[in-house]
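>
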(Lines of atoms letter the chains of each structure in order from A and count residues from 1; the text may use other names and numbers.)
(Lines give C-alpha, C1' and ligand atoms only; values in the text may rest on other atoms or scores of the structure.)
Protein backbone atom coordinates (compact mmCIF):
# COMPACT_ATOMS: atom_id res chain seq x y z
CA UNK A 1 0.00 0.00 0.00
CA UNK A 2 1.11 3.65 0.33
CA UNK A 3 1.38 6.12 3.19
CA UNK A 4 -0.34 9.50 3.51
CA UNK A 5 3.03 11.19 3.07
CA UNK A 6 3.37 9.61 -0.39
CA UNK A 7 0.18 11.34 -1.52
CA UNK A 8 1.76 14.79 -1.26
CA UNK A 9 4.66 14.23 -3.67
CA UNK A 10 4.27 15.62 -7.20
CA UNK A 11 5.60 12.44 -8.86
CA UNK A 12 2.88 10.43 -7.14
CA UNK A 13 0.63 8.51 -9.60
CA UNK A 14 -2.38 9.45 -7.43
CA UNK A 15 -1.82 13.20 -7.96
CA UNK A 16 -5.11 14.72 -9.18
CA UNK A 17 -7.15 11.91 -7.63
CA UNK A 18 -10.21 12.78 -5.49
CA UNK A 19 -8.60 11.22 -2.39
CA UNK A 20 -5.46 13.27 -2.97
CA UNK A 21 -7.53 16.46 -3.28
CA UNK A 22 -9.36 15.73 -0.01
CA UNK A 23 -6.15 15.10 1.91
CA UNK A 24 -4.34 18.09 0.39
CA UNK A 25 -6.50 20.67 2.19
CA UNK A 26 -5.87 24.34 1.51
CA UNK A 27 -5.22 26.62 4.50
CA UNK A 28 -6.81 29.66 2.83
CA UNK A 29 -10.53 30.34 3.28
CA UNK A 30 -12.75 31.02 0.30
CA UNK A 31 -14.12 34.53 -0.21
CA UNK A 32 -17.84 34.49 0.56
CA UNK A 33 -18.49 38.14 1.54
CA UNK A 34 -19.28 39.73 -1.81
CA UNK A 35 -21.07 43.02 -2.52
CA UNK A 36 -24.79 42.54 -3.10
CA UNK A 37 -25.12 39.47 -0.87
CA UNK A 38 -27.97 39.55 1.66
CA UNK A 39 -26.79 38.94 5.24
CA UNK A 40 -28.23 38.87 8.74
CA UNK A 41 -26.59 41.21 11.28
CA UNK A 42 -25.71 39.13 14.36
CA UNK A 43 -24.29 41.65 16.83
CA UNK A 44 -24.78 45.23 17.93
CA UNK A 45 -27.65 47.66 17.71
CA UNK A 46 -29.02 46.21 14.47
CA UNK A 47 -28.78 42.52 15.46
CA UNK A 48 -31.42 40.42 13.74
CA UNK A 49 -31.86 42.86 10.85
CA UNK A 50 -31.43 41.91 7.21
CA UNK A 51 -28.76 43.87 5.35
CA UNK A 52 -26.90 43.95 2.03
CA UNK A 53 -23.10 43.99 1.78
CA UNK A 54 -22.02 47.28 0.17
CA UNK A 55 -18.24 46.86 0.45
CA UNK A 56 -16.07 44.14 1.93
CA UNK A 57 -12.63 44.78 3.41
CA UNK A 58 -10.60 41.54 3.34
CA UNK A 59 -7.28 42.86 4.67
CA UNK A 60 -8.62 44.95 7.55
CA UNK A 61 -7.92 48.55 8.53
CA UNK A 62 -5.93 50.29 11.26
CA UNK A 63 -8.89 50.22 13.71
CA UNK A 64 -10.21 46.75 12.71
CA UNK A 65 -7.30 44.45 11.93
CA UNK A 66 -9.54 41.68 10.60
CA UNK A 67 -11.74 41.24 7.55
CA UNK A 68 -15.12 42.97 7.84
CA UNK A 69 -17.85 44.46 5.66
CA UNK A 70 -19.83 47.68 5.24
CA UNK A 71 -23.53 46.81 5.18
CA UNK A 72 -26.73 48.77 4.59
CA UNK A 73 -30.27 47.80 5.50
CA UNK A 74 -33.71 48.93 6.61
CA UNK A 75 -34.07 49.85 10.29
CA UNK A 76 -37.79 50.68 10.22
CA UNK A 77 -40.01 49.11 7.57
CA UNK A 78 -43.16 50.86 6.26
CA UNK A 79 -46.37 49.99 8.12
CA UNK A 80 -49.67 48.71 6.76
CA UNK A 81 -51.79 51.27 4.90
CA UNK A 82 -55.55 50.99 4.28
CA UNK A 83 -57.93 52.86 2.00
CA UNK A 84 -59.70 54.61 4.91
CA UNK A 85 -56.55 56.43 6.08
CA UNK A 86 -55.93 60.07 5.27
CA UNK A 87 -52.99 61.41 3.23
CA UNK A 88 -51.13 62.63 6.31
CA UNK A 89 -51.37 59.27 8.06
CA UNK A 90 -50.38 57.37 4.90
CA UNK A 91 -47.33 59.63 4.45
CA UNK A 92 -46.27 59.04 8.08
CA UNK A 93 -46.71 55.25 7.83
CA UNK A 94 -44.86 55.03 4.50
CA UNK A 95 -41.56 56.37 5.85
CA UNK A 96 -38.52 54.09 5.80
CA UNK A 97 -35.50 54.45 8.09
CA UNK A 98 -32.22 52.96 6.87
CA UNK A 99 -28.92 52.11 8.56
CA UNK A 100 -25.33 51.77 7.38
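Numbering (full-length UniProt numbering), first residue to last: 1 to 100.
Cβ atoms here follow ideal geometry from the backbone N, Cα and C, with glycine treated the same way.
Between residue 49 and residue 41, how many whole angstroms is the CB-CB distance? I'm expecting something under 8 Å.
Confirmed, Cβ separation roughly 5 Å.
> On a CA-only basis, which of 82, 96 and 56 is nearest residue 71? Give me that one, please.
It is 56 whose Cα lies nearest to the Cα of residue 71.
> Along the chain, where does the alpha helix (DSSP H) that runs through residue 91 open and close?
Note, residue 91: alpha helix (DSSP H), 87-93.
> Have a look at residue 84 and residue 90 and give me their C-alpha separation to the nearest angstrom.
Those two C-alpha atoms are separated by around 10 Å.
> Using the C-alpha atoms, what's the distance from residue 100 back to residue 69?
Rounded to the nearest angstrom, the two C-alpha atoms are 11 Å apart.
> Pull up the distance between the alpha-carbon of residue 58 and that of residue 36, whole angstroms please.
Going from the Cα of residue 58 to the Cα of residue 36 covers about 16 Å.
> Could you check where the beta strand (DSSP E) with residue 98 kicks off and where it finishes?
Residues 97-99.
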